[in-house]
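Remarks on the structure that follows.
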Amino acid sequence: MIKSLLLQHFQSHRKTSLQFVPGVNSIIGSSNSGKTAILRALYWAVYNRPGGISYISHWNRDNKDKPIKSTLVRVTNDNNVIERRKGKLKGEEKEFNGYIVNENILEAIGQDVPDEVSRLFNLDSVNIQKQMDAPFLLSESAGEVARFFNSTIRLDLIDRILSKAESKRREANKEKIRLENENIELTKEILTFDWLENAELLADRIEKIENVVEEKGHIYWQLQADIDDWVDMSKDIENQEVILSAVPIVNKIVLVQELLEEKIDKCERLQNLSEQWLEQNTIIEGTADFSSIEKIITSIDNLRKELYEKVQLKERLEESIESYNISFMDKDRWTVSIIEYEKEFPARCPICNSQLKEDKCLN
């Protein structure tokens with residue numbers, strides 16, 4: 006909503022300020038009092054028309070008909086101040102012709118309106134009517150009225166889309182006919198190349214031979230990779246022999262673990278008895294032999310320390326057993342893999358086709 010309007014050196018207005026209120030505002034005055042100039046000033050601010058200097062007041066021109074002071078129209082709406090100005094800015098020597106929006110300067114090029122100004126005004130030709138214009142839509146034909154309302158509610162968009170769709174359909178039909186004719190011509194041309202059928206069979210045979218060669222090449226490189234894996238596994242098996250020598254140690258560790266578990270059970274039973282004794286002792290007043298209690302408590306503390314040490318030893322033994330089991334499983338897996346690879350290893354070298362001895366090429 007427009008809240009105020011300021012005109013300065015615009016036609017008959019030296020400096021005129023108008024304040025508007027919500028709802029309908031009426032401007033009343035005698036003929037030639039400047040009512041139409043107010044509408045023209047608003048039109049000049051919104052649409053940047055008319056051009057030239059016809060709207061500049063006659064007292065604001067020098068003997069060469071050039072403006073002396075700036076001509077401006079300032080419009081204040083809900084949140085913005087939009088000023089259309091022609092003339093020198095304060096402190097500037099260069100002539101300015103454009104807009105000042107919230108103190109931001111925007112040049113006007115020709116009769117174009119900056120997009121920011123158009124968005125802030127948000128006015129259409131329907132909102133501003135000239136003085137001598139006929140009553141809105143009443144003098145228009147039925148077709149013009151229908152076109153206006155169609156444009157307002159965007160029904161014209163459907164007509165444009167249907168028109169474009171029909172145009173696309175005609176273009177597609179033309180392209181279809183062109184392709185059909187081209188297909189006929191290509192069919193006739195293909196009939197002149199019957200000899201290509203034998204060439205196609207030959208090309209198929211060549212392609213099959215190339216595929217066989219490529220497949221054999223893949224087999225060769227796979228065998229080479231298998232040989233490398235077999236060598237690596239042989240080295241790993243040699244390294245696993247140290248693990249086999251650790252079997253007696255592991256058996257001893259298992260026995261120690263069983264003894265340790267027995268000690269832990271005994272310690273737990275002793276701890277339970279100690280707790281029961283302490284509970285019974287709390288109900289006795291002044292009759293207990295505290296020296297014997299201190300010995301029992303000392304014994305329990307020693308048992309707890311021993312229990313803690315045994316638990317730590319048990320955890321270390323469990324880790325050693327787990328490490329051994331993993332290594333032993335790896336040894337079995339590598340042994341099975343080597344046996345399988347030995348079964349698949351050819352009797353002759355895939356490179357030179359010579360006899361292999363102990364899985365090694367003699368050449």
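Read in the numbering used here, the sequence shown has 259 at position 254, and its numbers run on one by one without any break. We put the CB at the ideal spot given by N, CA and C, even for glycine.
In angstroms with no decimal places, state the Cα-to-Cα distance between residue i and residue j.
i	j	result
K315	I269	7 Å
T192	G222	41 Å
R45	K99	26 Å
I110	G103	8 Å
V29	K69	43 Å
A293	W282	Residue placement at A293 is flagged as unreliable, the pLDDT there being 48, under the threshold of 50; the coordinate-derived value follows with that caveat. Rounded to whole angstroms, A293 to W282 spans 12 Å at the Cα level.
K310	L322	18 Å
R89	E149	33 Å
E266	Y313	12 Å
W226	E324	41 Å
I87	W64	25 Å
N186	L206	30 Å
I302	K271	16 Å
L318	E284	32 Å
V218	T340	34 Å
R19	L12	7 Å
L94	Y48	22 Å
L125	V106	9 Å
A230	I211	29 Å
K181	N216	40 Å
D120	I7	19 Å
S279	V261	27 Å
P27	V118	27 Å
I326	E263	13 Å
L275	E320	22 Å
S17	A147	39 Å
V259	T287	42 Å
Whole-angstrom Cβ separation of residue i and residue j, contact assumed at under 8 Å?
i	j	result
S36	L23	Not quite, the Cβ-Cβ distance comes to about 19 Å (not below 8 Å), so this is no contact.
T76	G92	6 Å
V78	A42	Not confirmed; about 10 Å, so no contact.
Run through DSSP, which three-state label would residue i get?
i	result
V218	helix
L23	strand
V106	strand
S325	helix
R281	Correcting the residue type first, residue 281 is Gln in the shown sequence and not Arg. Helix.
Q276	helix
E98	coil
S172	helix
Q116	coil
Q229	helix
Q13	strand
L369	No answer is possible for residue 369: it lies beyond the span of the chain, which begins at 6 and ends at 368.
L111	strand
On the criterion of 16 or more Cβ atoms from any shown chain inside 10 Å, does residue i qualify as buried, or is it exposed?
i	result
H14	buried
S59	exposed
A208	exposed
N53	buried
I214	exposed
S328	exposed
V122	buried
I224	exposed
S62	buried
To test your reading of the DSSP string, which unbroken beta strand (DSSP E) runs of 3 or more residues are found completely within the segment 54-94?
76-81 and 86-93
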